[in-house]
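Enquirer: Have a look at this one.
Protein chains: 4
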Amino acid sequence: MTPEEAEAIGQDILARQPFSNALGVEIVSLTVGTCALRLPLEERHTQHLGMAHGGVVASLADMALAFAGGLLMGEGSVTQEFKINFLRPGKGEALVARSEVVGSGRNQAVVRADVLSVEGGAEKLCATAQGTIMRAAR
Amino acid sequence: MTPEEAEAIGQDILARQPFSNALGVEIVSLTVGTCALRLPLEERHTQHLGMAHGGVVASLADMALAFAGGLLMGEGSVTQEFKINFLRPGKGEALVARSEVVGSGRNQAVVRADVLSVEGGAEKLCATAQGTIMRAAR
Amino acid sequence: MTPEEAEAIGQDILARQPFSNALGVEIVSLTVGTCALRLPLEERHTQHLGMAHGGVVASLADMALAFAGGLLMGEGSVTQEFKINFLRPGKGEALVARSEVVGSGRNQAVVRADVLSVEGGAEKLCATAQGTIMRAAR
Amino acid sequence: MTPEEAEAIGQDILARQPFSNALGVEIVSLTVGTCALRLPLEERHTQHLGMAHGGVVASLADMALAFAGGLLMGEGSVTQEFKINFLRPGKGEALVARSEVVGSGRNQAVVRADVLSVEGGAEKLCATAQGTIMRAAR
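Here it is in structure tokens:
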């Protein structure tokens with residue numbers, strides 16, 4: 169698969185995901201095994217202390233895991249599980265998520281994703297996730 | 169803390185969380201150590217296959233963990249980490265999350281949450297999560 | 169499968185696991201979907217502070233997850249992943265692990281396990297785990 | 169702390185851990201924030217299929233997480249939680265674990281560890297873990 173084909177598949181899937189679109193997620197780059205997403209932060213993404221809600225951070229991580237691993241595991245693959253550790257509040261002008269497949273077998277890809285806060289152009293690690301994308305049952 | 173006080177604190181926090189409100193989450197019940205939330209499903213919660221997006225399911229689990237553990241750990245406590253396993257697609261008229269603290273120490277509460285799909289009134293386990301709510305640093 | 173058959177399969181597998189035997193793990197009960205294990209604590213199980221090493225607690229949790237889910241997922245099934253939260257030091261005369269399948273699909277069983285310290289006959293929650301047992305690829 | 173001091177602290181702690189010694193774990197290198205461990209594989213580390221038991225792999229990951237994060241979080245710090253994904257059977261002449269702190273706050277360090285099988289001198293990723301080392305309560 170060429171980088172252009174990978175990104176086209178990703179953009180097509182994203183366009184058909186009402187939740188991702190409502191959230192405001194954009195694909196920065198996508199290959200078979202890596203992904204970068206960007207979410208411009210708005211007030212509607214926050215919790216009661218003015219930071220990005222943990223659910224927003226986790227959703228962005230989930231999407232980055234699924235895109236990177238999903239292109240490798242193929243159509244119909246799904247996120248089977250993930251875990252996320254929160255390190256700093258998500259704030260600033262945007263959140264960026266970067267993911268990569270760290271290993272894979274016949275039916276699973278294990279993927280890591282970092283979520284970073286972008287504030288005044290500087291990035292700080294906000295959360296880090298690890299999860300499994302499972303090939304569709306045949 | 170009486171059940172009435174617990175629920176009042178939860179409703180007050182929820183009311184000040186733009187993301188939770190935009191998502192449409194409602195508190196069904198809340199005590200110090202347990203929580204039940206409900207999210208009426210709409211098209212805007214879905215991914216490209218018409219099911220609830222994993223980020224929606226994870227966000228609901230995150231909120232259920234944080235409410236149940238947060239009342240125990242006190243003001244300013246935060247979700248430190250969680251993991252979630254997805255078992256079935258989230259669909260039907262609503263998602264319901266039920267959580268409870270399974271153990272706690274001086275500075276942490278370990279909490280479990282089940283997310284269930286409600287379809288025609290019947291509940292099916294959709295995902296299950298386990299995470300840590302950390303007391304605010306003093 | 170009768171309870172007698174389930175326990176016989178478990179005892180046979182345990183007998184052929186050098187690590188489990190070297191550790192000293194005993195099966196208390198085993199059905200398709202639930203398991204109870206016991207590990208009499210000795211000095212060789214400890215870390216530098218005299219408590220059960222986290223690796224011992226995690227190993228016992230891993231075994232309890234694998235036995236409960238493995239009987240459901242069948243021969244050749246393996247532990248795909250798990251997470252564990254530590255709540256209290258493992259100490260006393262024994263550790264006990266109790267696990268149960270909380271949900272399953274065609275190719276995976278999601279299982280929870282609690283590890284308890286037994287001290288003077290009283291049990292205290294030491295750690296809690298959640299993981300996935302995957303059916304063997306066909 | 170100099171690299172020599174870091175390694176001396178690690179060797180001293182390891183020497184006082186009966187479980188780690190019984191298992192056969194060796195420190196390859198240790199700094200404040202990174203760690204490499206080695207475990208020469210023997211028959212006593214295996215499960216019923218002849219591979220390293222998942223508990224052995226998880227124990228080695230746990231130790232690598234705790235050493236890397238522990239030097240940063242200071243004396244009395246403990247592993248609060250971790251998750252591990254298994255990718256390939258652990259086999260060959262040794263297991264090697266390499267860990268590094270990916271982020272830290274006042275009271276926690278989030279650490280990743282890879283466990284690799286060494287077979288004929290070649291390394292293959294066997295498992296990958298992510299966890300939290302918590303500073304001792306004051």
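Protein chains in written order, with the numbering used here: chain R, 169 to 306; chain Y, 169 to 306; chain A, 169 to 306; chain L, 169 to 306.
All C-beta atoms in this analysis are idealised placements derived from N, C-alpha and C, irrespective of residue type, glycine included.
Note that the structure is predicted; figures quoted are calculated from it, not measured.
#1: So within the stretch 233 to 257 of chain A, which uninterrupted beta strand (DSSP E) runs reach at least 3 residues, ignoring any that extend past its ends?
#2: In this structure, does DSSP put E172/A in helix, strand or coil?
#3: According to the Cβ coordinates, are A190/A and R206/L closer than 8 Å?
#4: Out of G237/Y, R266/Y, E172/Y, state which residue places its alpha-carbon closest to the alpha-carbon of S272/Y.
#5: Check distances from the C-beta atoms of the stretch 263 to 297 of chain L to those of chain R and list, in chain order, the residues that come in under 7 Å.
#6: Helix, strand or coil: how does DSSP classify R303/R here?
#7: Where do the N-terminal and C-terminal ends of the beta strand (DSSP E) with A265/L fall, by residue?
#8: Looking at C-alpha atoms only, which residue of T247/Y, D282/Y, Q276/Y, M231/Y is the closest neighbour of L255/Y?
#9: If you measure beta-carbon to beta-carbon, which residues of the stretch 245 to 260 of chain A are closer than 8 Å to chain L?
#10: Classify R184/Y as helix, strand or coil using the three-state DSSP reduction.
#11: Find the residues of chain R that neighbour R212/Y, judging by a C-beta separation of less than 7 Å, and give them in chain order.
#12: Just the Cα atoms here: how many angstroms apart are F187/L and A297/R?
#13: Helix or strand or just coil, what does DSSP make of Q276/R?
#14: Using a cut-off of 7 Å between C-beta atoms, extract the partners of I181/R located in chain Y.
#15: Please classify Q298/R: does DSSP put it in a helix, a strand, or coil?
#16: Are any of the Cβ atoms in chain L nearer than 8 Å to that of T300/R?
#17: In or out: A226/L buried (at least 16 other Cβ within 10 Å) or exposed?
#18: Does M241/Y come within less than 8 Å of chain R when only Cβ atoms are used?
#19: Closest Cβ-Cβ distance between A304/L and chain Y: below 8 Å?
#20: Can you give me the C-alpha to C-alpha distance between L239/Y and L209/L, rounded to a whole angstrom?
#21: Would you mind giving the Cβ-Cβ distance between T214/R and E268/R, rounded to the nearest angstrom? I have them listed as a contact below 8 Å.
#22: On the DSSP letters alone, give me the boundaries of the beta strand (DSSP E) that E194/L sits inside.
#23: Could you give the distance in angstroms between the alpha-carbon of E249/Y and the alpha-carbon of G299/Y?
#24: Using 8 Å as the limit for Cβ to Cβ distance, is V224/L near chain A?
#25: Quick one: list the residues of chain Y neighbouring S227/R, beta-carbon separation under 9 Å, in chain order.
#26: Where A262/A and A234/A are concerned, what is the direct C-alpha to C-alpha distance, given to the nearest angstrom?
#27: Could you give the DSSP three-state label for L209/R: helix, strand or coil?
#28: Is it buried or exposed, Q276/Y, if we count other Cβ atoms within 10 angstroms and call 16 or more buried?
#29: Drop a sphere of 10 angstroms on the beta-carbon of A183/L, count the other beta-carbons inside from all chains shown, and report buried for 16 or more, exposed for fewer.
#30: Suppose contacts are defined by Cβ-Cβ distances below 8 Å. Is K259/Y in contact with M231/Y by that definition?
#31: Three-state secondary structure (DSSP) at L284/R?
#32: Would you say A234/R lies against chain Y (beta-carbon separation less than 8 Å)?
#33: What do you get for V286/R, buried or exposed, if any count of 16 or more other CB atoms within 10 angstroms of its CB means buried?
#34: Return the chain-ordered list of same chain residues with a C-beta closer than 6 Å to the C-beta of E194/R, the five sequence neighbours on each side being excluded.
#35: Confirm, please, whether the CB-CB distance from K292/Y to K251/L is below 8 Å.
Expert: Checking against the coordinates, here is how it stands:
#1: You should have 246 to 254.
#2: To locate residue 172/A, count along the third sequence from 1; it is residue 4. In this structure, E172/A counts as helix in the three-state DSSP scheme.
#3: Along the third sequence, read from residue 1 onward, the residue named residue 190/A stands at position 22. Along the fourth sequence, read from residue 1 onward, the residue named residue 206/L stands at position 38. No.
#4: Position 104 of the second sequence, counted from the start, is the residue given in the question as residue 272/Y. Per the Cα distances, G237/Y.
#5: Result list: V270, G271, G273, V278, L293, T296.
#6: Taking the first residue of the first sequence as 1, we reach residue 303/R at position 135. For R303/R, the secondary structure class from DSSP, reduced to helix, strand or coil, is coil.
#7: As a working note, residue 265/L is residue 97 in the fourth sequence. Note, A265/L: beta strand (DSSP E), 262 to 272.
#8: Within the second sequence, numbered from 1, the residue matching residue 255/Y stands at position 87. Ranking the options by Cα distance to L255/Y, first place goes to D282/Y.
#9: Residues of the stretch 245 to 260 of chain A with a C-beta less than 8 Å from any C-beta of chain L: V246, T247, Q248, E249, F250, K251, I252, N253, F254, listed in chain order.
#10: Taking the second sequence and counting its residues from 1, the one referred to as residue 184/Y is at position 16. Coil, per DSSP.
#11: By 1-based counting over the second sequence, the position of residue 212/Y is 44. Taking a Cβ-Cβ threshold of 7 Å, the residues of chain R close to R212/Y are P186, F187, A190, in chain order.
#12: What you label residue 187/L is simply residue 19 of the fourth sequence in a count that begins at 1. What you label residue 297/R is simply residue 129 of the first sequence in a count that begins at 1. In a straight line, the C-alpha of F187/L is about 30 Å away from that of A297/R.
#13: Translated into positions along the first sequence, residue 276/R becomes position 108. In the structure shown, Q276/R sits in a strand (DSSP, three-state: E or B).
#14: Start at 1 with the first residue of the first sequence, and residue 181/R comes out as number 13. Under the 7 Å cutoff, chain Y gives H216.
#15: As a first step, residue 298/R is located in the first sequence; it is residue number 130 there, counting from the start. For Q298/R, the secondary structure class from DSSP, reduced to helix, strand or coil, is strand.
#16: Taking the first residue of the first sequence as position 1, residue 300/R is located at position 132. For T300/R, the nearest CB of chain L lies under 8 Å from its own CB, placing it at the interface with that chain.
#17: Indexing the fourth sequence from 1 puts residue 226/L at position 58. Label assigned to A226/L: buried.
#18: Indexing the second sequence from 1 puts residue 241/Y at position 73. Taking Cβ atoms only, chain R never reaches closer than 8 Å to M241/Y, which makes this a no.
#19: Sequence index remark: in the fourth sequence, residue 304/L carries index 136 (1-based). No, no contact with chain Y.
#20: Residue mapping note: residue 239/Y aligns to position 71 of the second sequence, counting from 1. Residue mapping note: residue 209/L aligns to position 41 of the fourth sequence, counting from 1. Spanning the two alpha carbons is a distance of roughly 47 Å.
#21: Along the first sequence, read from residue 1 onward, the residue named residue 214/R stands at position 46. Along the first sequence, read from residue 1 onward, the residue named residue 268/R stands at position 100. Not quite, the Cβ-Cβ distance comes to about 28 Å (not below 8 Å), so this is no contact.
#22: Locating residue 194/L in the fourth sequence gives position 26, where the first residue counts as 1. Annotation: the continuous beta strand (DSSP E) that includes E194/L extends over 194 to 199.
#23: Locating residue 249/Y in the second sequence gives position 81, where the first residue counts as 1. Locating residue 299/Y in the second sequence gives position 131, where the first residue counts as 1. Taking the straight line joining both Cα atoms gives about 5 Å.
#24: In the fourth sequence, counting from the first residue as 1, residue 224/L sits at position 56. V224/L counts as touching chain A.
#25: The residue you call residue 227/R lines up with position 59 of the first sequence. Per Cβ cutoff of 9 Å: H221, G222, G223, V224, A226, S227.
#26: Locating residue 262/A in the third sequence gives position 94, where the first residue counts as 1. Locating residue 234/A in the third sequence gives position 66, where the first residue counts as 1. A262/A and A234/A: Cα-Cα distance of roughly 20 Å.
#27: As a position in the first sequence, residue 209/R is number 41, starting the count at 1. Coil, per DSSP.
#28: Here the question's residue 276/Y lines up with position 108 in the second sequence. Buried, since its Cβ has 16 or more Cβ neighbours within 10 Å.
#29: The residue you call residue 183/L lines up with position 15 of the fourth sequence. Counting Cβ neighbours within 10 Å, A183/L comes out exposed, since fewer than 16 surround it.
#30: Position 91 of the second sequence holds residue 259/Y. Position 63 of the second sequence holds residue 231/Y. No, Cβ-Cβ distance for K259/Y and M231/Y is not below 8 Å.
#31: Stepping through the first sequence from its first residue, residue 284/R is reached at position 116. Judged by DSSP in its simplified three-state form, L284/R adopts strand.
#32: Within the first sequence, numbered from 1, the residue matching residue 234/R stands at position 66. Chain Y places a beta carbon closer than 8 Å to that of A234/R, counting this residue as a contact.
#33: Looking up residue 286/R in the first sequence gives position 118. Counting Cβ neighbours within 10 Å, V286/R comes out buried, since at least 16 surround it.
#34: What you label residue 194/R is simply residue 26 of the first sequence in a count that begins at 1. R206.
#35: On the fourth sequence, position 83 is the one that residue 251/L refers to. On the second sequence, position 124 is the one that residue 292/Y refers to. Not a contact, by the Cβ cut-off of 8 Å.
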